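Read left to right, the sequence shown gives residues 1 to 337 (full-length UniProt numbering). Where a beta carbon is used, it is the ideal one built from N, C-alpha and C, also for glycine. Nothing here was measured: the structure is a model prediction, and the numbers come from that model. These notes concern the structure reproduced below.
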Amino acid sequence: MSTSLSRLLETRDWILADGATGTNLFNMGLTAGEAPELWNTDRPDNIRALYRGAVEAGSDLFLTNTFGGNASRLKLHDAQGRVRELNRVGASLGREIADTAGRPVVVAGSMGPTGEIMVPMGALTHELAVEMFHEQAEGLKEGGVDVLWVETISSPEEFAAAAEACAKAGMPWCGTMSFDTAGRTMMGVTSAAMVALVDQLANPPLAFGANCGVGAADLMRTLLGFVAAGPERPIIAKGNAGIPKYHDGHIHYDGTPELMAEYAVLARDTGATIIGGCCGTMPEHLASMRRALEERPRGARPTLDEIAEKLGGFSSTSDGTGADEGAGRERRGRRRG
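Below, the structure written as structure tokens:
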């Protein structure tokens, strides 16, 4: 299937994705414990502003405000019966912004984890996970997304269930996992194991990669792990804007626009094609990333030491694969280079 994303992938060396959803919505008044997806119907102008902020900063692709839009997550807010509606509306608001952008902009339907543990460790079966993801995917499809975007997954079983759901919806998809525990996902997946998993799927994604996790440096190390495994598909990098710090009752990320510009260029030079930000990434970060990608020439693939020098040290001494034991520096305080 030819989608706007596949066309961009064929014609562009890099694609700038968007930044944070939660951080931007908290700045608009979202409160802790409130479901962001309910704002799709309750405060649609804020969601339009969220999407527009990314597009005006230069993003070629943005995610819909539907990360927690599956029945399991919405049940926490007594909204499990509104899955289709909230996803459809979140997508249609995105379609509205993209169609008036004056340039090609991809609307990606965000699908986050269910929040449940799959069998045999937990109670969530493959069949039920597929059903939940499929229900969400159909709502996003009705709303007009170009591609489904499965993100922040930790379990290979949940990733596979989401892939099957995307196939049932007849939609192309992209998928990212979150590597945040010594270079592994919460369920122990390494960068090399993710490449192997993607290659084994009956319905592989258009692109795959990593999002969220610890900080930009750790995500860069995961990218190097992807590249070393020799994947055939484009790689996605969506790193956090620095490290979260608690200040005056709020969580703030310490990554500056300059740091995120360095990260964007390093990600491109490492081999990522779709580059964006995750938690803490604001429009000003995206604009800085766009300028750097446009103005700075492509360079050699960075080493771990070069990454640590420019983005700060790593949160652990290894990425979990055993290939870089002792190569990285633990984070002892972040430098701005």
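Spatial neighbours of residue i in its chain, beta-carbon cut-off 7 Å, leaving aside the 5 residues before and after
i: R329; result: Any answer about R329 is weak, because its pLDDT of 35 lies below 50 and its placement is not dependable; what the coordinates show is given next. So the qualifying residues of the chain are A308, G313 and F314.
i: V195; result: F226, A229 and P231
i: R268; result: W14, I275, L293 and R298
i: P302; result: L266, D269 and T270
i: S4; result: P104, V106 and D146
i: K141; result: A169 and M171
i: S92; result: G143 and G144
i: C278; result: A20, N211, C212, K238, G239 and N240
i: P44; result: L93
Classification of residue i by the beta-carbon crowding that lies within 10 angstroms, buried from 16 upward
i: G94; result: buried
i: residue 362; result: With the chain covering only 1 through 337, there is no way to say anything about residue 362.
i: K238; result: buried
i: residue 342; result: Since the first and last residues shown for the chain are 1 and 337, residue 342 lies out of range.
i: G299; result: exposed
i: M132; result: buried
i: D218; result: buried
i: R82; result: buried
i: L25; result: buried
i: N240; result: buried
i: G102; result: exposed
i: T100; result: exposed
i: G242; result: buried
i: M282; result: buried
i: A35; result: buried
i: A123; result: exposed
i: M220; result: buried
i: L197; result: buried
i: R336; result: A caution first: R336 carries a pLDDT of 27, below 50, which makes its placement in the model too unreliable to give a value.
i: A216; result: buried
i: residue 338; result: No statement about residue 338 is possible, as the shown extent of the chain runs from 1 to 337 and does not include it.
i: H247; result: exposed
i: G33; result: exposed
i: L224; result: buried
Nearest-angstrom beta carbon gap, residue j and residue i [assumed within contact, 8 Å]
i: V106; j: D146; result: 5 Å
i: E157; j: T114; result: In fact, because the Cβ distance is near 11 Å, the residues do not count as touching under 8 Å.
i: R84; j: E127; result: At roughly 19 Å, the Cβ-Cβ gap does not stay under 8 Å, so R84 and E127 are not in contact.
i: T152; j: G188; result: At roughly 16 Å, the Cβ-Cβ gap does not stay under 8 Å, so T152 and G188 are not in contact.
i: G280; j: T41; result: Going by Cβ atoms, the distance from G280 to T41 rounds to 27 Å, so no, they are not a contact pair.
i: A79; j: V130; result: About 21 Å; that fails the 8 Å criterion.
i: A161; j: L201; result: Actually they are not in contact, since the Cβ atoms of A161 and L201 sit about 11 Å apart, beyond 8 Å.
i: L50; j: S110; result: That pair is no contact at about 12 Å.
8 Å Cβ cutoff met for residue i and residue j
i: N211; j: A167; result: no
i: G90; j: E135; result: no
i: G143; j: R88; result: yes
i: A57; j: A287; result: yes
i: D18; j: S72; result: no
i: T21; j: N65; result: yes
i: G68; j: L61; result: no
i: S154; j: T185; result: yes
i: A272; j: I235; result: yes
i: residue 338; j: I97; result: No answer is possible for residue 338: it lies beyond the span of the chain, which begins at 1 and ends at 337.
Own chain residues within Cβ distance below 8 Å of residue i, not counting five before or after
i: T222; result: F179, G183, S191, A210, G213 and D319
i: S6; result: P172 and L206
i: K245; result: I251, H252, Y253 and D254
i: V265; result: A292, L293, R296 and G299
i: W39; result: L25, L30, N46, I47 and N65
i: D199; result: P231 and E232
i: E284; result: A57 and P257
Own chain, CB closer than 6 Å to residue i, minus 5 neighbours either side, in chain order
i: M289; result: M260, A261 and A264
i: T125; result: V119
i: L9; result: P234
i: H77; result: A35
beta-carbon residue i near the ligand ATP non-hydrogen atom, thresh 7 Å
i: C278; result: Here there are no bound small molecules, and the ligand ATP is not part of this structure.
Contact with chain D by residue i, beta-carbon distance below 8 Å
i: A71; result: You won't find chain D in this structure, because it holds only one protein chain.
*Would you list, in sequence order, the uninterrupted beta strand (DSSP E) runs of no fewer than 3 residues that lie entirely inside the stretch 170 to 250?*
Complete beta strand (DSSP E) runs here, min 3: 173 to 177, 207 to 212, 235 to 239 and 244 to 247.
*For the stretch 106 to 173, which segments carrying the alpha helix (DSSP H) assignment without a break, of at least 4 residues, lie completely within its bounds, in sequence order?*
Within the stretch 106 to 173, the runs of alpha helix (DSSP H) that reach at least 4 residues and sit entirely inside it are, in chain order, 126 to 143 and 156 to 169.
_Quick check on the DSSP output: what are the complete beta strand (DSSP E) runs of length 3 or more inside the stretch 253 to 297, in order along the chain?_
Within the stretch 253 to 297, the complete beta strand (DSSP E) runs of at least 3 residues are 274 to 277.
_Every unbroken alpha helix (DSSP H) inside the stretch 7 to 34 [4 residues or more]_ = Within the stretch 7 to 34, the complete alpha helix (DSSP H) runs of at least 4 residues are 22 to 27.
*Which ranges does the alpha helix (DSSP H) cover as unbroken runs of at least 4 residues, wholly within the stretch 65 to 105, from first to last along the chain?*
With a minimum length of 4 residues, the continuous alpha helix (DSSP H) runs that stay inside the stretch 65 to 105 are 71 to 74 and 83 to 99.
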